[in-house]
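Chains as they are written, first to last, in our numbering: chain A, 714 to 818; chain B, 43 to 273; chain C, 764 to 1063.
No residue lacks a Cβ here, since even glycine has one placed at the ideal position from N, Cα and C.
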Amino acid sequence: MEILHFDIAAPVPAGGTRAMALVGVVASGNLEVLVERGDAPDRCAIEISTAAHGFRDLWDAVVADFVGRRAAGGLRIAINDGGARPDTVSLRLAQGVRMIEEPEA
Amino acid sequence: MTPAEILDRLFPDGHDVTTEGDLLFGRARFGGSVVHVIAATGGAPIGIDQAIRLSAAVLAITRSDDAAPILFLVDTASQRMSRRDELLGLSEYLAHLAKSLLLAEARGHRTVGLLYGGSAAGAFIATALACGTLVALPGAHPEVMDLASMARVTKLPIEVLEAKAKATPVFAPGLDNLVSVGGIAETWSPDESLAAQLAALLARPRTDDARRAGRPKSAQIVGDVIAAAQG
Amino acid sequence: MSNIRQSWYEAGARERIAALVDPRSFAEFVGPECRETSPHLGIFDLPAQFDDGIVVGSGSIVGTPVLVAAQEGRFMGGAFGEVHGAKLTGLLRAAKALARDVVIAFDTGGVRLQEANAGEIAIAEIMRAATEARIAGVRVVGLIGGRAGCYGGGGLIAGCCSTLIVSEQGRISVTGPEVIETNKGVEEFDSRDRALVWRTMGGKHRTLIGGADMFVDDDAMAFREAARAALARPARLDIDTLVAEQARLERRIAQFGEMPDASDIWRSLGIDDPQAIPDMPATGFATIVAQYRESADDAR
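Structural data, given as structure tokens:
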């Protein structure tokens, strides 16, 4: 398995009070995204575990796009990748943010 | 060792075990009292017809309420793989056999599995692994699935599986591996008295130590779930 | 209140639990944030899942406190590995300690081959924990209606449940169709004959032959309601239960043991048009079930 770490500036902070959100399933073409609260409200830490080696540049682009578009600040994200396409990864990341921002019942 | 030889060496005071096809049933004199004996032998598959006969014997023993131990000799193949057995609900027959052994144990009959040959998959679960204590003789060959079939299902070359099996005992067939992961409590020595080894086992209370030591992660997770549930 | 039927078959493990338990009543044990992943998948370069493919915890069903488990059939076919199995073993042992009933949503192909020995022992431990809980008066309710079915060791665990609830999509078997075919030939079992698979192992046949107790539509609310009803049934596992089960399983062999196909069995149960069974919708089938099924009540 290849483990990739990203710790980058994320200009828009995530809202909500939930401590955690989980989206997706580790299956072929899919991925699991665990979203938790991190320390710095203007940074996003992402750790990716993937069996597909050598795609750092692709992940880099997806992550950069994610923190640019979404409220990713103050989040710590862990991914188990089942071989998902970049657009699926982007979707799950966006879903993860939406879930952690959801008001608690 | 044949089943007959094993029984003679286990029970020098005598026994009345008889055969019904590949199945054996009877009682043995042991240590001044009785040990019930059942066996699935011949390396034969366990289908609905075998399971139902074995469970009948276990239930009869349980109803006798004599608190005598049950020794289960095991040398089987896997569950019987057939349309008929699945049509008629093999899973229920195997589960029923396991439940019968577990209830017998709960009702005071120590259950001791003695694996002396093969046992695989669903048959292994419903016979040997359903006993409170499982011991083996050298030469026993338990497995979940043979390596060639695993290679086919996982789509990995068998050489790759063989190489990985050298690094971990967690998946490949074989007695050593099952001992390593705590599935088998003791491997008995055929050069020593089998009767003495059985007597020593029965003198000790049943323990989960081997199981816990063989799979520490499993033991930790079980504990964590119980703690969370009670918290 | 939504009228839209939520498919149990299409739902994931967490969605099934959400549908099963009362709103906001679920508390997960050893959840994904604990990152208790399989220690054995890395050697095969296989990705892990944070909950190792099973969700366990506590909740309530129409007010009744229960412990619940749901397998994720899409992760490694819902198969039992060391951690996955241990979560269910722990849940069942807790159930006995707390005298709390358990509801298990099965969705499994059996033992995870990459951890075969650990998975196999886990199955045995789960069966022991379920049986010991039941002997202590705990109900263990099994729900079967997912993509992976309830195969192999999962089928054996299901056989230790006090009540089994199954849908059309559910299948229960020890050996899967492909494995029977590979080992015994296509004459013995044509695994590509889907109709044969469902007649032999599917939810309708299991219900009619007494291999499952309640048949429901592929509807999460129907599974919830059936679980509620199952939790109200008497709880008992003692010598009388197993003696009764022994009798019904012996009777099954005597009555149906020579019949080559499920349709022969259904006809012999008194069903005039067995060919109509596979396509029959749930409501019509419920009437057939009520009239003709072999019961395993107090005999499982």
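- Please confirm if residue 844 (chain C) has its CB atom under 8 Å from at least one CB of chain A. Cβ-Cβ to chain A under 8 Å: no for residue 844 (chain C).
- Task: Check the Cβ-Cβ distances between residue 969 (chain C) and every residue of chain A, and say whether any is below 8 Å.
- Result: Not an interface residue.
- Query: Can you tell me whether residue 169 (chain B) is buried or exposed, with buried defined as 16 or more other CB within 10 angstroms of its CB?
  - Reply: Residue 169 (chain B) comes out buried.
- Query: From residue 128 (chain B) to residue 963 (chain C), what distance separates their C-alpha atoms?
  - Reply: Across the structure, residue 128 (chain B) and residue 963 (chain C) are spaced so that their CA atoms are roughly 7 Å apart.
- Among C:842, C:869, C:813, C:992, which residue has its Cα nearest to the Cα of residue 826 (chain C)? Among C:842, C:869, C:813, C:992, the Cα nearest to that of residue 826 (chain C) is on C:992.
- Pick out whichever of A:753, A:742, A:739 has its Cα sitting closest to the Cα of residue 721 (chain A). Considering only alpha carbons, the answer is A:753.
- For residue 802 (chain C), decide whether its Cβ has a neighbour in chain A, counting only Cβ atoms nearer than 8 Å. No, residue 802 (chain C) lies away from the interface with chain A (no Cβ there is under 8 Å from its Cβ).
- Query: Which same chain residues, not among the five before or five after residue 980 (chain C), have their C-beta less than 6 Å away from its C-beta?
  - Reply: If we look at residue 980 (chain C) and ignore the five residues flanking it on each side, its Cβ neighbours are 1045.
- Item | Chain-ordered chain C contacts of residue 80 (chain B) [CB-CB under 9 Å] | Using a Cβ-Cβ cut-off of 9 Å, residue 80 (chain B) is close to nothing in chain C; its nearest Cβ partner there is about 15 Å away.
- Query: Would you report the Cα separation of residue 114 (chain B) and residue 772 (chain C), rounded to the nearest angstrom?
  - Reply: Distance between the alpha carbons of residue 114 (chain B) and residue 772 (chain C) is about 40 Å.
- Query: Thinking just about the alpha-carbon of each residue, which of A:756, A:783, A:803 is nearest to the one in residue 814 (chain A)?
  - Reply: The candidate whose alpha carbon is nearest that of residue 814 (chain A) is A:783.
- Item | Residue-level contact to chain D via CB, residue 138 (chain B), 8 Å cutoff | The structure shown has no chain D; the protein chains it does contain are A, B and C.
- Item | Any chain C beta carbon closer than 8 Å to residue 153 (chain B) | Not closer than 8 Å to any Cβ of chain C, the Cβ of residue 153 (chain B) fails to qualify, so no.
- Task: Going by CA-CA distance only, name the one from C:800, C:875, C:1057, C:777 that's closest to residue 789 (chain C).
- Result: Of the candidates C:800, C:875, C:1057, C:777, the residue whose Cα lies closest to the Cα of residue 789 (chain C) is C:777.
- Task: State the DSSP-derived secondary structure class of residue 780 (chain A), mapped to helix, strand or coil.
- Result: DSSP, reduced to helix, strand and coil, places residue 780 (chain A) within a helical segment of the structure shown.
- Count the C-beta pairs between the stretch 47-55 of chain B and the stretch 752-766 of chain A that are closer than 8 Å, then say yes if the count reaches three, no if not. They do not touch, by the three-pair rule.
- Status (buried if at least 16 other CB within 10 Å, exposed otherwise) for residue 63 (chain B): So residue 63 (chain B) ends up on the exposed side.
- Query: Looking at the structure shown, is residue 160 (chain B) part of a helix, part of a strand, or coil, going by DSSP?
  - Reply: Strand.
- Enumerate in chain order the residues of its own chain whose CB-to-CB distance from residue 984 (chain C) is below 8 Å, with the five nearest sequence positions on each side excluded. Residues 768, 769, 782 of the same chain have their beta carbon placed closer than 8 Å to that of residue 984 (chain C), with the five preceding and five following residues left out of the count.
- Task: Give me the Cα-Cα distance between residue 927 (chain C) and residue 76 (chain B), rounded to the nearest whole angstrom.
- Result: When rounded, the distance between both Cα atoms is 38 Å.
- Item | Span separating the alpha-carbon of residue 134 (chain B) from that of residue 931 (chain C) | Rounded to the nearest whole angstrom, the C-alpha separation of residue 134 (chain B) and residue 931 (chain C) is 19 Å.
- Task: Establish whether the CB of residue 745 (chain A) and some CB of chain C are separated by less than 8 Å.
- Result: Chain C places a beta carbon closer than 8 Å to that of residue 745 (chain A), counting this residue as a contact.
- Thinking just about the alpha-carbon of each residue, which of B:67, B:210, B:245 is nearest to the one in residue 313 (chain B)? Any property of residue 313 (chain B) remains undetermined from this structure, which presents chain B solely from 43 to 273.
- Task: Tell me, please, whether the stretch 804-822 of chain C touches the stretch 227-245 of chain B by the rule of three or more beta-carbon pairs shorter than 8 Å.
- Result: Cβ pair count under 8 Å is below three, so no.
- Query: How would you write the range of the beta strand (DSSP E) that residue 75 (chain B) sits in, first residue to last?
  - Reply: It spans 75-88 - the beta strand (DSSP E) in which residue 75 (chain B) sits, taken as one unbroken run.
- Item | residue 706 (chain C): contacting residues in chain A (beta-carbon distance under 7 Å) | A question about residue 706 (chain C) goes unanswered here, because the residues of chain C that appear run from 764 up to 1063.
- Item | Assigned secondary structure, residue 117 (chain B) (DSSP; H/G/I helix, E/B strand, else coil) | It is a strand residue.
- Task: Quick one: which unbroken alpha helix (DSSP H) runs of 4-plus residues sit fully inside the stretch 197-261 of chain B? Chain order, please.
- Result: Taken in chain order, the whole alpha helix (DSSP H) runs of length 4 or more contained in the stretch 197-261 of chain B are 200-209, 217-222, 236-245, 251-256.
- Query: For residue 50 (chain B), does the three-state DSSP call read helix, strand or coil?
  - Reply: Helix, per DSSP.
- Distance between beta carbons of residue 967 (chain C) and residue 1041 (chain C), contact taken as under 8 Å: Here residue 1041 (chain C) really is in contact with residue 967 (chain C); their C-beta atoms are around 7 Å apart, less than 8 Å.
- Do residue 162 (chain B) and residue 186 (chain B) come within 8 Å of each other at the CB atom, strictly closer than that value? At a Cβ-Cβ threshold of 8 Å, residue 186 (chain B) and residue 162 (chain B) count as neighbours.
- Task: For residue 769 (chain C), write down the residues that DSSP places opposite it in a beta bridge.
- Result: The partner list for residue 769 (chain C) (beta bridge, DSSP) is empty, contrary to what the question assumes.
- Item | Where residue 934 (chain C) sits in the DSSP three-state scheme | Note: residue 934 (chain C) maps to strand in three-state DSSP.
- Kindly indicate the opening and closing residues of the alpha helix (DSSP H) around residue 126 (chain B). Where residue 126 (chain B) is concerned, the enclosing alpha helix (DSSP H) stretches over 125-129.
- Item | Alpha-carbon to alpha-carbon, residue 855 (chain C) and residue 731 (chain A) | Using only the alpha carbons, I get a separation of about 29 Å.
- Spell out the partners DSSP gives residue 965 (chain C) in its beta bridges. DSSP lists C:934 as partners of residue 965 (chain C).
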